[in-house]
Every structure is written in structure tokens, then in C-alpha cells.
Amino acid sequence: MRVLRRSMAPLVHWMAARLFHLPVLKGSKRRHRIAMKLYRIAAESGSRAALSTYGHLLHFRGEDVASRVQGGIYLERAADMGDAKAQYQMGRIYEQGFEHYFRPDPAKALAYYRMAGEQRHPLAVRRMVEVYEEGVLGAAIDPARAECWRKRQHPLAESGA
Numbered sequence: 487m488r489v490l491r492r493s494m495a496p497l498v499h500w501m502a503a504r505l506f507h508l509p510v511l512k513g514s515k516r517r518h519r520i521a522m523k524l525y526r527i528a529a530e531s532g533s534r535a536a537l538s539t540y541g542h543l544l545h546f547r548g549e550d551v552a553s554r555v556q557g558g559i560y561l562e563r564a565a566d567m568g569d570a571k572a573q574y575q576m577g578r579i580y581e582q583g584f585e586h587y588f589r590p591d592p593a594k595a596l597a598y599y600r601m602a603g604e605q606r607h608p609l610a611v612r613r614m615v616e617v618y619e620e621g622v623l624g625a626a627i628d629p630a631r632a633e634c635w636r637k638r639q640h641p642l643a644e645s646g647a
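In the numbering used here, the protein residues as written are 487 to 647.
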């Protein structure tokens, strides 16, 4: 049964995304509840994309602290699976901290920013430049490393990303 759920997760995520962005019945609470249930099913079945999307929705738009913490947990799972957007978000969460569950941890923040930056996430690359220019998150000021990260920005800017 678990194998079937895991194999169906991308399809369930796709259905959730289509329903969530459907222009018909925009603002419908019922449609929103159904889409969120589908996202949850896909996330709990191990879909990296669903973990990232559902985690983001819960963490940044959740109605209560418990939902926002659960969103952070989903984001962390997606980040650990290699999702660049989730890695950047986890960098932010660990840099700032959130409630008692995600305490500020500069080392974890830097690690997540680095992972996202290596996948060329534009905001993570920009943050890595700042880290080495300003010497924050436990890193020493290092103009050479800042320049190395800065060079990763230019192809992004030229491609329009």
C-alpha cells in the first residue's frame, strides 16, 4: 500500500496544484480545503514538490502556530530531499528562528543557504555573497569567497532569472 501511495503522490500533487490555482470559484473555502487535503496526502506520501509547496503554505500562511511549525517541518523534509526553494526557506527560518521548535542556528542557516546557492537559487546566492562580505552566520569575512558567489549571480541576471 505504501508503494502505491508513494507512486501516486506526484499525481495527487498535480491535482492539488491545479485545483489550488483554478480561476473558477476563486476564494472558495471548500475548494481551498480540498486542495490543502490533497497537498497533505501527497506530502505525507513523500512527494518532494508537495512537501515544499504544502510546507510553504502552512508556514507562511498558516492560521496558527502549530500549522506554521508543521509547515516548517515539511519544508525541512523537502530541503533535506534537495528542494532548492525549501533549502532557502530553511536558511531563513534557521537564521531568524521560529517559536521554540526552530531555534536560531547560524550553522544550519549557512548550510541550507549554501545548498540552495549551489543549485543557483538566486536569493540564496545573493545571501551567500552577503555572508562572506559581512562575515555573518559564523563565517569570516572572505572577499575571495564573496567574489566566487558573486560570479554565480551574473549568469542568473543575464538569463533573466
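No residue lacks a Cβ here, since even glycine has one placed at the ideal position from N, Cα and C. The structure displayed is predicted, hence computed values, not measured ones.
Using the Cα positions of residue i and residue j, report the straight-line distance between them to the nearest angstrom.
i: Leu497; j: Val551; result: 29 Å
i: His518; j: Ala503; result: 11 Å
i: Val555; j: Tyr599; result: 20 Å
i: Gln605; j: Met576; result: 15 Å
i: Met614; j: Lys512; result: 38 Å
Determine the contact status of residue i and residue j, defining contact as a CB-CB distance below 8 Å.
i: Gly568; j: Gly541; result: no
Excluding sequence positions up to five away, which residues of its chain have a Cβ less than 6 Å from the Cβ of residue i?
i: Arg631; result: Tyr618
i: Arg534; result: Ala564, Met567 and Asp569
i: Pro590; result: Gly583
i: Ala529; result: Ala536, Leu537, Tyr540 and Tyr560
Under the rule that 16 or more other beta-carbon atoms within 10 Å means buried, what is residue i, buried or exposed?
i: Val510; result: exposed
i: Lys571; result: buried
i: Leu561; result: buried
i: Ala593; result: exposed
i: Ile627; result: exposed
i: Leu524; result: buried
i: Val611; result: buried
Report all residues from its chain with a CB closer than 8 Å to the CB of residue i; omit the five preceding and five following residues, and keep chain order.
i: Ser531; result: Arg491, Arg492, Met494, Ala495 and Val498
i: Gly652; result: The question about residue 652 has no answer here: the residues shown for the chain are numbered 487 through 647.
i: Glu620; result: Ile627
Within a Cβ cutoff of 7 Å, which residues of the same chain sit near residue i, ignoring the five residues on either side of it in sequence?
i: Ile520; result: Leu505
i: Ala647; result: Note on Ala647: pLDDT 47, under 50, position unreliable in the model; the coordinate value appears next. If we look at Ala647 and ignore the five residues flanking it on each side, its Cβ neighbours are Pro608.
i: Leu544; result: Ser553, Arg554, Gln556, Gly557 and Tyr560
Out of the options, which one is the CA nearest neighbour of residue i?
i: Glu616; options: His507, Trp635 and Ser538; result: Trp635
i: Ile527; options: Trp500, Ala597, Ala626 and Lys637; result: Trp500
i: Thr539; options: Gly513, Gln573 and Lys512; result: Gln573
i: Phe546; options: Arg638, Ile579 and Ser514; result: Ile579
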